[in-house]
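Peer 1: Here the sequence shown is numbered in this note's numbering, starting from 6 and rising by one per residue. From the three backbone atoms N, C-alpha and C, an ideal C-beta is built for every residue, glycine too. The structure presented is a predicted model; accordingly, all values stated were derived computationally and were not measured.
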Amino acid sequence: MALISPSRRLRRTPFSEGVEAAGVKAYTIYNHMLLPTVFESIEADYHHLKNHVQVWDVSVERQVELRGPDAGRLMQMLTPRDLRGMLPGRCYYVPIVDETGGMLNDPVAVKLSEDRYWISIADSDLLFWVKGLSNGLRMEVIVEEPDVSPLAIQGPKADELMERVFGESIHNVRFFRFGLFPFEDQELVIARSGYSKQGGFEIYVEGGHLGMPLWNTLMEAGEDLNVRAGCPNAIERIEGGLLSYGNDMTRANTPHECGLGRFCDVQTAIGCIGRDALLRVATDEPSRQIRPISIAGDPVPGCDRVWPLMAASKQVGHITSAAWSPDFDTNVAIGMVRMSHWDEGTTLTVVTPEGERTATVHETFWI
Ligand code: THG
6 MALISPSRRL RRTPFSEGVE AAGVKAYTIY NHMLLPTVFE SIEADYHHLK
56 NHVQVWDVSV ERQVELRGPD AGRLMQMLTP RDLRGMLPGR CYYVPIVDET
106 GGMLNDPVAV KLSEDRYWIS IADSDLLFWV KGLSNGLRME VIVEEPDVSP
156 LAIQGPKADE LMERVFGESI HNVRFFRFGL FPFEDQELVI ARSGYSKQGG
206 FEIYVEGGHL GMPLWNTLME AGEDLNVRAG CPNAIERIEG GLLSYGNDMT
256 RANTPHECGL GRFCDVQTAI GCIGRDALLR VATDEPSRQI RPISIAGDPV
306 PGCDRVWPLM AASKQVGHIT SAAWSPDFDT NVAIGMVRMS HWDEGTTLTV
356 VTPEGERTAT VHETFWI
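#1: Quick one: any contact between the segment 311 to 319 and the segment 351 to 363, if contact means 3 or more CB pairs under 8 Å?
#2: Please list, in chain order, all residues with a C-beta atom less than 6 Å from at least one heavy atom of the ligand THG.
#3: In terms of alpha-carbon separation, which member of S249, M344 and I243 lies closest to I300?
#4: Have a look at S345, A274 and I339 and flag the residue whose alpha-carbon is nearest the alpha-carbon of I298.
#5: Look at V148 and S154 and say whether their C-beta atoms are less than 8 Å apart.
#6: On the criterion of 16 or more Cβ atoms from any shown chain inside 10 Å, does M4 qualify as buried, or is it exposed?
#7: Just curious, the beta strand (DSSP E) that Y250 is in, first and last residue?
#8: Look at the alpha carbon of N258 and the alpha carbon of T335, and state the distance between them as a whole number of angstroms.
#9: Three or more C-beta pairs closer than 8 Å, one from the segment 249 to 266 and one from the segment 127 to 142: is that the case here?
#10: Helix, strand or coil for Q81? Go by DSSP, reduced to three states.
#11: Just mark I9 as buried or exposed, buried being the case when its beta carbon has 16 or more other beta carbons within 10 Å.
#12: Per DSSP, what are the beta-bridge partners of H323 in this structure?
#13: Using only CA atoms, which one of M91, R78, Q68 and T105 lies nearest to L283?
#14: Kindly identify the DSSP beta-bridge partner or partners of T4.
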């Protein structure tokens, strides 16, 4: 592929200088911003992530901030997950649905206080949907995108690196909770979360000026831990079943089809915009659902369009993400499969751009 032309529409991040100095080899575009995809190679980055610690510029996880007396009511309108038990200091993975129950985004919601939330979004312009609702309903809430850029610290040595920079109390931060930690006279929100299954943290860097000082501090503190710049890894996230909005699901899918039924409380999420639609169509047994799928043979190419899944000559689903997994010695993939063909061990034929292959449906992801 050709190069990406820089422009104002394609936003750089507070860490771009560090990412470039680290020798980034490829980017994708996400929320109108640069997201690194490769440093050394996808496979080398994968092994490094699983053995050491990486610093990821995930500024593309933009925040939609809700602030004001109606923030909590607006937050519950957006998601079928019941938020009544959500306390300040908690992060919740929340499907966001429209009035048809279709997925608009799958962010992490961060409850900063009773009247203040950050919605840490995946790749869709959620700000416009939320602004439309708050203004159309004359709600008492400010909706804006603050100058907050997440920096993820991922990998088995993440705890050690974070302790060196933020102190021992970093170990007290539990999964999907956050604490406040000082850096250069400012308090930063740090959560135990991140888009990998290797463990780690996300630092919500408030104020772009802190970006490079924090980046450099982490890189220096982790030198003997073999810390490197990294990024969400295509192989590892498929092994772990971490979904990618726009790839693995779109507005055409309900959360239940995406396997996100465990994050929906359709009976009790009173006020959720898609609730009526989901009460009618969504069950834990939708007619199709996302499944882990292995693909036999040599490494497959990258999946930049859906690959049909066939049973005999009938299409029964499609693959949306695929990669060669060195650790599992097979191609790992994510696909949407019809109920008639989703049982563990079902073999199908996948039509890749390089020809047909045997695909096997699984029940659980690899990690
Ligand atoms: N962190 C933050 N913002 C994000 C992402 C993130 N925004 C974009 C994108 N990632 C949103 N999508 C996801 C998908 C999966 C998870 C988080 C965000 C995730 N899932 C865990 C799992 O499935 O194992 C845990 C879910 C849970 O148990 O609550 O972490 O990564 N800030």
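Peer 2: Once the coordinates are examined:
#1: yes
#2: This selection yields E66, Y98, D111, P112, V113, S125, I126, A127, P155, F181, S198, G199, Y200, E207, L247 and L248.
#3: Translated into positions along the sequence shown, residue 300 becomes position 295. Checked all of S249, M344 and I243; the closest Cα to I300 is I243.
#4: The sequence position of residue 298 within the sequence shown is 293, counting from 1. Considering only alpha carbons, the answer is I339.
#5: For the purposes of this step, residue 148 is identified with residue 143 of the sequence shown, where counting begins at 1. For the purposes of this step, residue 154 is identified with residue 149 of the sequence shown, where counting begins at 1. In this structure, S154 does not lie closer than 8 Å to V148 by Cβ.
#6: Nothing in the structure corresponds to residue 4, since the chain is present only between 6 and 372.
#7: Against the sequence shown, residue 250 aligns to sequence position 245. It is not in any beta strand (DSSP E) - Y250 carries neither H nor E in the DSSP assignment.
#8: Here residue 258 is taken as the residue at index 253 of the sequence shown, counted from 1. Here residue 335 is taken as the residue at index 330 of the sequence shown, counted from 1. One C-alpha to the other measures close to 28 Å.
#9: yes
#10: Taking the first residue of the sequence shown as position 1, residue 81 is located at position 76. In this structure, Q81 counts as helix in the three-state DSSP scheme.
#11: In the sequence shown, residue 9 corresponds to position 4, counting from 1. I9 should be labelled exposed.
#12: As a position in the sequence shown, residue 323 is number 318, starting the count at 1. Within the DSSP secondary-structure output, H323 pairs in a beta bridge with P313 and M341.
#13: Residue 283 sits at position 278 when you count from the first residue of the sequence shown. With distances taken between Cα atoms, L283 lies closest to T105.
#14: Absent from the model: residue 4. The displayed extent of the chain is 6 to 372, so no value can be given.
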